[in-house]
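Keeping their order, the protein sequence lines are chains P and L. FYI, in numbering that gives the first Met the number 0 the residues of the first sequence are 0 to 278. FYI, in numbering that gives the first Met the number 0 the residues of the second sequence are 0 to 312. Backbone N, C-alpha and C fix where the C-beta goes; we use that ideal spot for every residue, glycine too. Please read these numbers as outputs of a predicted model, since none were measured by experiment. Okay, structure first, notes after.
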Amino acid sequence: MNIDQKRRIESIVALTLSTLAALSGMFWLVFILGDVLVRGIGALTPSLFLNDPTPAGVSGGGLRNAFVGQLMITGVATLIGVPIGILGGTFLAEYARGTKVAQAISVLSDIMVSVPSIVVGTFIYAIMVKPVGHFNGWAGAVALAVIMIPVVLRTTEDMLSLVPWTLREAAFALGAPYYKVIIQVVYRGAATGILTGILLSIARVAGETAPLLFTSFNNSFMSTDMRGSMASLTASIFQYAMGPYDEWHIQAWGASFVITVFILLITIAGRLIIKWRYK
Amino acid sequence: MAIIEKRNSVDFAFSLITALASGVVVLLILGILIVLVRESWLAISHFGVVKFIKSTDWDPVKENFGAATTIFGTFVSTVLALFIAIPVAIGIAIFVTEISPNFMKEPIGIAIELLAAIPSIIYGMWGLFTLAPIMSKYIEPALKASIGAVPVVGILFQGTPMGIDMLTASVILSIMIIPFTASISRDSFNLTPAVVKESAYAIGATKWEVVKNVVLPYSKLGIYGGITLSLGRALGETMAVAFVLGNNHQITTSLFNAAATITVTLANEFTEADKDLYLSSLFYLALILFIMSFIALALAKFFLLKAERKTSR
Numbered sequence: 000m001n002i003d004q005k006r007r008i009e010s011i012v013a014l015t016l017s018t019l020a021a022l023s024g025m026f027w028l029v030f031i032l033g034d035v036l037v038r039g040i041g042a043l044t045p046s047l048f049l050n051d052p053t054p055a056g057v058s059g060g061g062l063r064n065a066f067v068g069q070l071m072i073t074g075v076a077t078l079i080g081v082p083i084g085i086l087g088g089t090f091l092a093e094y095a096r097g098t099k100v101a102q103a104i105s106v107l108s109d110i111m112v113s114v115p116s117i118v119v120g121t122f123i124y125a126i127m128v129k130p131v132g133h134f135n136g137w138a139g140a141v142a143l144a145v146i147m148i149p150v151v152l153r154t155t156e157d158m159l160s161l162v163p164w165t166l167r168e169a170a171f172a173l174g175a176p177y178y179k180v181i182i183q184v185v186y187r188g189a190a191t192g193i194l195t196g197i198l199l200s201i202a203r204v205a206g207e208t209a210p211l212l213f214t215s216f217n218n219s220f221m222s223t224d225m226r227g228s229m230a231s232l233t234a235s236i237f238q239y240a241m242g243p244y245d246e247w248h249i250q251a252w253g254a255s256f257v258i259t260v261f262i263l264l265i266t267i268a269g270r271l272i273i274k275w276r277y278k
Numbered sequence: 000m001a002i003i004e005k006r007n008s009v010d011f012a013f014s015l016i017t018a019l020a021s022g023v024v025v026l027l028i029l030g031i032l033i034v035l036v037r038e039s040w041l042a043i044s045h046f047g048v049v050k051f052i053k054s055t056d057w058d059p060v061k062e063n064f065g066a067a068t069t070i071f072g073t074f075v076s077t078v079l080a081l082f083i084a085i086p087v088a089i090g091i092a093i094f095v096t097e098i099s100p101n102f103m104k105e106p107i108g109i110a111i112e113l114l115a116a117i118p119s120i121i122y123g124m125w126g127l128f129t130l131a132p133i134m135s136k137y138i139e140p141a142l143k144a145s146i147g148a149v150p151v152v153g154i155l156f157q158g159t160p161m162g163i164d165m166l167t168a169s170v171i172l173s174i175m176i177i178p179f180t181a182s183i184s185r186d187s188f189n190l191t192p193a194v195v196k197e198s199a200y201a202i203g204a205t206k207w208e209v210v211k212n213v214v215l216p217y218s219k220l221g222i223y224g225g226i227t228l229s230l231g232r233a234l235g236e237t238m239a240v241a242f243v244l245g246n247n248h249q250i251t252t253s254l255f256n257a258a259a260t261i262t263v264t265l266a267n268e269f270t271e272a273d274k275d276l277y278l279s280s281l282f283y284l285a286l287i288l289f290i291m292s293f294i295a296l297a298l299a300k301f302f303l304l305k306a307e308r309k310t311s312r
């Protein structure tokens, strides 16, 4: 075998392996998603959404409390996290643009995005659960907000930086102060981008479990009182999947189905918006 | 004049609000560090630093705690996951940038992104109910029969394959981190100037030689960045491994044994810790995890910034 043939064969082998790697990536996605969808869809009964949990062994229970709790915790987290994230991103992209401070905060936010969420859970436990002596829904919401802030901040910064500087100059030339320029010109130009960032950050925290385990904990009764422990879908999935009852497992699959579909739809929507807007 | 002054003060107020909002991130990082140190102080003063890290004890009854078993578990599961994930991820990146026809690039990109968007608890569920039985029935017995018989390496594959063990956890972890490494590698592959690749083709290089000798060296920093980012993510991953690792505080040589990582220990024991020293030791573990992942993530950022600077020059 001469050297040319050897090189050609080597190339074919390596490229085939790469193709197989790509196929395996697709394989896992289809495998996991397919499994969640197939097993979950059978668990989507009206009682899953309309009933509260029943004592173990009694059939007909649902996860209504968890759906309500999840919505409330995620909603409050969004209300806390989004304004802080957008304002913070505004500072980095506008007032502090190009400065060392802005760069440093930007890097720290990037790190903060990937900090283990369970560490955030222990942190919030120490400052919001331990002092009052019991788990509470507010702590869960704040824990999710802490995870959300750096995500929103970084996307806002990026999106505002995409707005052409000349647009701002045109507004300055009309005598507008900077805050007016930001609110009426820059925010408008970047609105779709910022909105997408918010959507993706909601998708990011909606599936978080670890930070809720020590903050909002879980509650097998219907509760809308954020001062007490609160059920959430993710914490319920953890409890039910680890539990010994088949009926719990089925409900856990149902909850997984709902949360997965919700997150994937948001992610796909966000991607489509970006593609459509920044083509 | 008065109007302009009023405008200025509003503007000043707005800039101050935004500055405070961005300061929140810095405050959070400092806050986490300070609070974790404060909460774990009892354990730090009781066990010390080196002793705590080296001790393999984890006995809530006798209140004797050490971090060695969980650090070992965290380290092994992460390294094993990277070992599985890196070749696959780089393969995906090569396929997407160099091999695939254009119409396939988009779907594969989306697939990778969706894989990254699936919440970790779903990976955990799937691992417990689907992957673990497959591992214990087919894959682990096969590994035991083949590699398990080989001296030295065989130690890794001893014992009863239960499916709830280090190997299954690492496989799930690897599937989770593939998207991070793959998408960052793909982005840095794409930055290789076409001219450089074309000149390699012009002197008769095969596609693989172009990838191996031009693209890979060119995007080295980006790949390092992607790998260290995945490392940071894998260290702190909780729910995906919590289901299938078993929370067993022992250092074992076989991958078929249950183990414990820092995250799994926290998830399982934090709400059960009834004594101050126990809780404080758990905070101590969280502090160690925070520092480890912060270093890994900072390193990743360093590589990526360096790669960015290199291409913009």
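Any Cβ of chain C within less than 9 angstroms of the Cβ of residue i?
i	result
A209/P	Absence of chain C from the displayed structure is noted, the protein chains being P and L.
Report the neighbours of residue i on chain L: residues whose CB is nearer than 8 angstroms to its CB, in chain order.
i	result
Y94/P	S14, T17 and A18
W27/P	L114, I174 and I177
I262/P	A116, I117 and P118
At which residues does the alpha helix (DSSP H) containing residue i begin and terminate?
i	result
D224/P	From DSSP, D224/P is part of no alpha helix (DSSP H); its letter is neither H nor E.
A239/L	M238 to A241
I174/L	M165 to N189
R187/P	Y186 to A205
A144/P	G136 to L161
A175/P	From DSSP, A175/P is part of no alpha helix (DSSP H); its letter is neither H nor E.
Y223/L	K219 to G235
P45/P	P45 to L49
A148/L	That residue, A148/L, is in no alpha helix (DSSP H); it is neither H nor E in DSSP.
Just checking: is the beta-carbon of residue i within a distance shorter than 9 angstroms of some beta-carbon in chain P?
i	result
T237/L	yes
R308/L	no
M0/L	Confidence at M0/L is low in this model, with a pLDDT of 44, below 50, so its placement is unreliable and the value that follows should be read with caution. It does not; no Cβ of chain P falls within 9 angstroms.
A285/L	yes
I316/L	Outside the displayed span of chain L (0 to 312) sits residue 316/L, for which this structure offers no information.
K211/L	yes
How would you list, in chain order, the residues of chain P whose beta-carbon sits under 7 angstroms from the beta-carbon of residue i?
i	result
E38/L	A125
W125/L	I31, D34 and V35
I91/L	A20, A21 and G24
G65/L	None at all; the shortest Cβ gap to chain P is about 19 angstroms.
G231/L	S113
Starting from residue i, find everything on chain P with Cβ-Cβ shorter than 8 angstroms and list it in chain order.
i	result
L244/L	Here the premise fails: no neighbours, minimum Cβ distance about 12 angstroms.
K136/L	What K136/L touches in chain P: nothing, since even the nearest Cβ is about 16 angstroms away.
K300/L	V106, D109 and I110
Going by DSSP in three states, residue i sits in which element: helix, strand or coil?
i	result
F256/P	helix
N64/P	helix
F255/L	coil
N63/L	strand
G245/L	strand
I58/L	In the sequence under discussion, the amino acid at residue 58/L is Asp, which differs from the Ile named in the question. Strand at D58/L.
S215/P	coil
R96/P	coil
Y124/P	helix
K53/L	helix
Y277/L	helix
M161/L	coil
G84/P	helix
H248/P	helix
Y277/P	coil
I202/L	coil
P118/L	coil
In chain L, what lies closer than 9 angstroms to residue i by C-beta?
i	result
G139/P	Per Cβ cutoff of 9 angstroms: no residues; G139/P is ~13 angstroms from chain L at best.
With a cut-off of 9 angstroms, does the C-beta of residue i fall near any C-beta of chain L?
i	result
L152/P	yes
M147/P	no
F216/P	yes
I104/P	yes
H133/P	no
A55/P	no
In chain L, what lies closer than 7 angstroms to residue i by C-beta?
i	result
V257/P	Chain L residues near V257/P: none, gap ~11 angstroms exceeds 7 angstroms.
R7/P	T205
M111/P	V24, L27 and I28
Find the residues of chain P that neighbour residue i, judging by a C-beta separation of less than 9 angstroms, and give them in chain order.
i	result
V9/L	P176, Y178 and K179
For the structure I just gave you, are there three or more beta carbon pairs, one from the segment 208–221 of chain P and one from the segment 260–272 of chain L, closer than 8 angstroms? yes
Do the segment 124–135 of chain P and the segment 185–201 of chain P make contact, defined as three or more Cβ pairs closer than 8 angstroms? no
With three or more beta-carbon pairs closer than 8 angstroms as the criterion, would you say the segment 195–208 of chain L touches the segment 148–156 of chain L? no
Can at least three beta-carbon pairs, one atom from the segment 15–24 of chain P and one from the segment 99–112 of chain L, be found at a separation below 8 angstroms? yes
Is the segment 163–170 of chain L touching the segment 250–262 of chain L, taking contact as three or more C-beta pairs under 8 angstroms? yes
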